[in-house]
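Taking numbering that gives the first Met the number 0, the leading residue of the sequence shown gets 0, the next gets one more, and so forth. Here a beta-carbon is modelled for each residue, glycine too, at the ideal position from N, C-alpha and C. Okay, so here's the structure we're looking at.
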Amino acid sequence: MTKYEIVLHPDKKLKKKCLPVSEVTAEIRSIGSRMLETMYDAPGIGLAAPQVGILKRIFVMDCSEKDQISKPYICINPEITWVSDHKSNYEEGCLSIPDFYGEIMRPSEIKMNCLNENGEFLEYHFEGLKATCAQHEIDHLNGVLFIDYLGRVRRQIITTKMKKIKKQIVLNQGNV
Ligand code: NI
């Protein structure tokens with residue numbers, strides 16, 4: 000299994016609304032495992048399919064602490080069915096916008112339906128980091144990035160810096 004290359008902001012693939020998965024096939028399972036591998040390698044706690052250039056409604060996450068047993072989730076066609084009134088603030092980052100962070104306020108708890116890699120329908124009640132992570136990843140499936148919640152000026156600064164970083168990466172690759 001080989002890991003994917005992560006799509007960096009700004010990229011139009013990160014601004015698209017992704018399509019639902021019609022059937023959980025072996026190919027979809029393989030996308031899920033490769034996404035997990037890519038996420039662990041990065042390392043990150045969540046990754047959505049458009050971040051690896053696949054415009055399908057799939058995300059993976061593992062919010063377990065370093066000293067805990069890993070708890071990977073492969074979530075297909077996720078749907079938020081309930082959010083708490085109570086909100087919490089987390090400093091969020093994103094593998095597509097490395098080294099930039101922002102405090103984002105989101106509902107502290109959510110209920111979410113999805114299919115797993117075996118096509119089974121599951122209902123989750125997430126709180127804390129998992130709730131934040133799942134909402135961040137589902138946003139990706141709708142073309143929304145965490146920087147879209149920041150002020151326009153802050154978002155512009157990050158985007159400009161990311162453009163420079165991407166240019167540098169291309170130049171470096173050219174020199175190899
Ligand atoms: Ni992200």
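Under 8 Å between C-beta atoms of C132 and E78: What you label residue 132 is simply residue 133 of the sequence shown in a count that begins at 1. What you label residue 78 is simply residue 79 of the sequence shown in a count that begins at 1. In this structure, E78 does not lie closer than 8 Å to C132 by Cβ.
Cβ separation of I96 and I157, assumed to be a contact under 8 Å, to the nearest whole Å: Against the sequence shown, residue 96 aligns to sequence position 97. Against the sequence shown, residue 157 aligns to sequence position 158. About 7 Å separates the two Cβ atoms, so the contact holds.
Assigned exposure category for H135 - 16 Cβ within 10 Å defines buried: Working through the sequence shown from its first residue, we reach residue 135 at position 136. The residue in question, H135, is buried, as its Cβ has 16 or more Cβ neighbours within 10 Å.
Per DSSP, cross-strand counterpart(s) of P106: What you label residue 106 is simply residue 107 of the sequence shown in a count that begins at 1. Beta-bridge pairing links P106 to K86.
Minimum C-alpha distance to P49 - residue among R28, K16, H85: Taking the sequence shown and counting its residues from 1, one reaches residue 49 at position 50. Ranking the options by Cα distance to P49, first place goes to K16.
Short Cβ contact (8 Å threshold) for I109 with F99: Against the sequence shown, residue 109 aligns to sequence position 110. Against the sequence shown, residue 99 aligns to sequence position 100. No. Outside cutoff.
Residues near G142 in its chain [Cβ-Cβ closer than 6 Å; skip 5 each side]: For this step, residue 142 is matched to residue 143 along the sequence shown. If we look at G142 and ignore the five residues flanking it on each side, its Cβ neighbours are K14, K15, K16.
Beta carbon of L201 nearer than 8 Å to that of L94: The requested residue 201 does not occur in the structure, where the chain is confined to residues 0 to 175.
Endpoints, the alpha helix (DSSP H) within which I156 is located: Locating residue 156 in the sequence shown gives position 157, where the first residue counts as 1. Per DSSP, I156 belongs to the alpha helix (DSSP H) from 151-174.
Extent of the continuous alpha helix (DSSP H) run through H124: Within the sequence shown, residue 124 is the residue found at index 125, counting from 1. Not the alpha helix (DSSP H): H124 falls in the beta strand (DSSP E), residues 120-126.
Residues with C-beta closer than 7 Å to any heavy atom of the ligand NI, in chain order: G45, A47, Q50, C93, L94, S95, H135, E136, H139, L144, F145
6 Å CB neighbourhood of H85 in its chain, flanking five on each side removed: In the sequence shown, counting from the first residue as 1, residue 85 sits at position 86. Result list for H85: S107, in chain order.
Chain-order list of residues whose beta-carbon lies under 7 Å from that of M161 (same chain, five-residue window excluded): Here the question's residue 161 lines up with position 162 in the sequence shown. Correct list, in chain order: L7, H8, P9, I96.
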